[in-house]
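Numbering (UniProt numbering), first residue to last: 1 to 261.
Don't be surprised by glycine CBs; every beta carbon is placed ideally from N, CA and C.
Data block below; observations after.
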């Protein structure tokens with residue numbers, strides 16, 4: 001029988017003595033994954049650009065007795081990423097897990113002819129450039145121990161292309177390419193690099209998605225519902241665990257049956 005703590009989280013030590021960074025960790029999927037890893041024994045450092053939300057989440061986790069701290073980081077800026085990861089190494093001496101969950105949706109319900117290059121560049125900076133930078137510096141930190149688990153939150157939009165979301169769809173497709181390419185570079189180094197491609201997950205981020213867009217995406221899910229943050233966190237925790245040792249360069253499905261490959 002699985003043991004749960006007073007807050008309903010798994011009471012295991014699967015990640016005892018491990019150090020994990022989770023980007024976008026102040027809210028949504030990142031917060032869910034970070035909390036799950038901490039509940040299973042990891043020392044977690046949440047990276048986020050939103051200081052207010054970050055401090056609130058760290059306080060919540062600390063109140064639960066979890067080893068969680070936060071750093072304000074702009075993952076689209078290399079100096080910010082390098083300094084933040086270096087600070088983690090100086091404090092903890094190691095990095096075992098990096099989950100990149102930071103992302104923005106950008107314009108929705110917008111034809112490419114109405115999609116501004118400024119918006120396109122904004123989505124690129126966080127969703128693809130940020131993913132590249134976090135991977136680059138996480139790998140540098142992991143190489144010494146010849147062990148690491150890197151997980152990027154991609155999207156079904158990166159596989160199928162959601163119409164009227166040109167920036168988001170293309171950056172998530174690029175992220176999938178990043179995962180598959182870098183995974184092969186480190187396949188013999190004890191470092192796995194994988195992605196997770198959810199369909200629509202019930203998060204605060206979707207509150208800014210146009211209702212028509214949300215309805216379109218939900219209608220395409222055979223289960224006819226949104227996924228939950230707990231469902232994402234559950235699969236993510238396994239992917240970044242020691243148990244997941246022979247899978248790299250793979251994009252895991254979390255789409256209620258929508259994904260066809």
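Inter-residue Cα distance where the pair is residue i and residue j
| i | j | result |
| --- | --- | --- |
| residue 80 | residue 60 | 25 Å |
| residue 104 | residue 123 | 6 Å |
| residue 7 | residue 67 | Low confidence applies to residue 7: its pLDDT is 49, below 50, so where it sits in the model is not reliable, and the reading given next is rough at best. Each residue's Cα considered, the two are about 15 Å apart. |
| residue 168 | residue 201 | 15 Å |
| residue 162 | residue 257 | 16 Å |
| residue 250 | residue 216 | 27 Å |
| residue 129 | residue 185 | 19 Å |
| residue 146 | residue 134 | 18 Å |
| residue 176 | residue 203 | 22 Å |
| residue 174 | residue 39 | 32 Å |
| residue 51 | residue 125 | 19 Å |
| residue 225 | residue 218 | 6 Å |
| residue 18 | residue 43 | 6 Å |
| residue 208 | residue 91 | 37 Å |
| residue 116 | residue 199 | 25 Å |
| residue 114 | residue 127 | 20 Å |
| residue 231 | residue 86 | 31 Å |
Simplified DSSP state of residue i, which is helix, strand or coil
| i | result |
| --- | --- |
| residue 18 | coil |
| residue 81 | helix |
| residue 126 | helix |
| residue 246 | coil |
| residue 58 | helix |
| residue 139 | helix |
| residue 7 | Only weak support is given to the placement of residue 7: the predicted model assigns it a pLDDT of 49, under 50, and the value that follows is read from those uncertain coordinates. Residue state, collapsed to three classes: coil. |
| residue 104 | coil |
| residue 27 | coil |
| residue 260 | coil |
| residue 36 | helix |
| residue 157 | helix |
| residue 118 | helix |
| residue 1 | Only weak support exists for where residue 1 lies, its pLDDT of 38 falling under 50; the value from the coordinates is given anyway. Reduced to three states, the DSSP call for residue 1 is coil. |
| residue 67 | coil |
| residue 268 | There is no way to answer for residue 268, as the model of the chain reaches only from 1 to 261. |
| residue 12 | coil |
Beta-carbon contacts of residue i that lie in its chain and below 6 Å, excluding the five residues immediately before and after
| i | result |
| --- | --- |
| residue 13 | 41 |
| residue 179 | 152, 193, 195 |
| residue 70 | 46, 54, 58 |
| residue 1 | Confidence is the limiting factor: at residue 1 the pLDDT is only 38, short of 50, which leaves the residue's position unreliable, though a coordinate-based value still follows. There are no such residues. |
| residue 112 | 166 |
| residue 237 | 36 |
| residue 98 | 21, 138, 150 |
| residue 297 | Here the chain comprises residues numbered 1 to 261, so residue 297 is not present and cannot be evaluated. |
| residue 100 | 23, 131, 134, 152 |
8 Å CB neighbourhood of residue i in its chain, flanking five on each side removed
| i | result |
| --- | --- |
| residue 73 | 23, 47, 48, 49, 80, 81, 84 |
| residue 233 | 29, 32, 33, 35, 36 |
| residue 261 | 159 |
| residue 241 | 14, 15, 149 |
| residue 89 | 95, 141 |
| residue 222 | 256, 257, 258 |
| residue 26 | 46, 48, 50, 53, 54, 56, 57, 70 |
Cβ neighbours of residue i in the same chain (closer than 7 Å, five flanking residues each side left out)
| i | result |
| --- | --- |
| residue 253 | 197, 259 |
| residue 119 | 106, 107, 167 |
| residue 109 | 164, 210, 212, 213 |
| residue 157 | 165, 168, 169, 172 |
| residue 189 | 143, 146 |
| residue 247 | 192, 194 |
Cross-strand partners of residue i (DSSP beta bridge)
| i | result |
| --- | --- |
| residue 198 | 254 |
| residue 72 | 48 |
| residue 239 | Residue 239 is not bridged to any residue. |
| residue 151 | 99, 194 |
| residue 43 | 19 |
Beta carbon proximity, residue i to chain C, threshold 9 Å
| i | result |
| --- | --- |
| residue 166 | Structure shown: chain C not included; a single protein chain is present. |
Which ranges does the alpha helix (DSSP H) cover as unbroken runs of at least 4 residues, wholly within the stretch 159-235, from first to last along the chain? 166-185, 211-219
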